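In the UniProt record's numbering, the protein residues as written are 1 to 207. All C-beta atoms, glycine included, are put in the ideal place defined by N, C-alpha and C. Computed from a prediction, not measured in an experiment: that's the story for all the values here.
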């Protein structure tokens, strides 16, 4: 019973954080970062790049923008028509600028950024614990396959059968497959979760 309680607690937390990572919509920068219609007309009608940079610098003078492009200009998105705040990037998949964008994750089919990065980290943590718990609880049955033979004598007072359904081919395949998948995902998630914890500790992002 204890195994089932712990299993379902981890499963519910795993599903909840995955749900939040998938369905929490990414956030765009606020309206103050969008160019007004007059500024757009002035910017688009100007053909000289240096004057365009000056226009953007004038607009961004009152905005909390500190990151610049390689040539020292203001970061501007031509598709969204807005001045990009720090750590804001345009996602070609979502077709929008995402605030504090980390990456677009194909596993959750969503942009990981300011709105759902916490849920993404929790999703990785609970997935790691979930895989570890499955591997740990299955491992004893995996060991039993190599220590118990099909025709080994079984004492009548044994609480568990020493042979039987655990030693047939179908159940053996299921246990081996479950252990292999759990360990494989555990190792992969361990590196990914460790990498994102390192990014958080350094106040950095993937992009």
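{"Asked": "Thinking C-beta only, is residue 186 closer than 8 angstroms to residue 132?", "Found": "yes"}
{"Asked": "I'd like the list of long-range same chain contacts for residue 206, defined as Cβ closer than 6 angstroms, with 5 residues on each side in sequence excluded.", "Found": "102, 103"}
{"Asked": "Note down, in chain order, each residue of its chain lying with its Cβ closer than 6 angstroms to the Cβ of residue 100, except the 5 sequence neighbours on either side.", "Found": "87, 113, 114"}
{"Asked": "With contact counted as at least three CB pairs below 8 angstroms, one residue from each stretch, are the stretch 22 to 29 and the stretch 42 to 55 in contact?", "Found": "no"}
{"Asked": "Compare the C-alpha of residue 59 against each of 35, 136, 20, 81 and name the closest.", "Found": "35"}
{"Asked": "Assess contact between the stretch 174 to 182 and the stretch 116 to 128, defined as three or more Cβ pairs (one per stretch) separated by less than 8 angstroms. Is contact present?", "Found": "no"}
{"Asked": "Would you grab the beta carbon distance between residue 29 and residue 97 for me? Rounded to a whole angstrom, and I think it's under 8 angstroms.", "Found": "6 angstroms"}
{"Asked": "Identify, in the order they occur along the chain, each residue of the same chain with its Cβ nearer than 6 angstroms to the Cβ of residue 202, setting aside the five sequence neighbours on each side.", "Found": "none"}
{"Asked": "Work out the CA separation of residue 64 and residue 95 for me, nearest whole Å.", "Found": "24 angstroms"}
{"Asked": "How many angstroms separate the CA atom of residue 134 from the CA atom of residue 108?", "Found": "22 angstroms"}
{"Asked": "I want to see whether chain C comes within less than 8 angstroms of residue 65, judged by CB atoms only; does it?", "Found": "Of the protein chains in the structure, only one exists, and it is not chain C."}
{"Asked": "Give the range of the alpha helix (DSSP H) segment to which residue 22 is assigned.", "Found": "2 to 23"}
{"Asked": "Below 8 angstroms on the Cβ atoms is my guess for residue 33 versus residue 83; work out the distance and round it to an integer in Å.", "Found": "5 angstroms"}
{"Asked": "So, with DSSP's three-state summary, where would you put residue 79?", "Found": "coil"}
{"Asked": "Can you tell me where the beta strand (DSSP E) with residue 112 in it begins and where it stops?", "Found": "110 to 112"}
{"Asked": "Per DSSP, which residues does residue 98 bridge with? Please list them.", "Found": "89"}
{"Asked": "Out of 127, 184, 138, 142, point me to the one whose CA is closest to residue 193's CA.", "Found": "127"}
{"Asked": "Counting along the chain, where does the beta strand (DSSP E) carrying residue 104 start and finish?", "Found": "103 to 105"}
{"Asked": "Between the alpha carbons of residue 105 and residue 189, how many angstroms are there, rounded?", "Found": "14 angstroms"}
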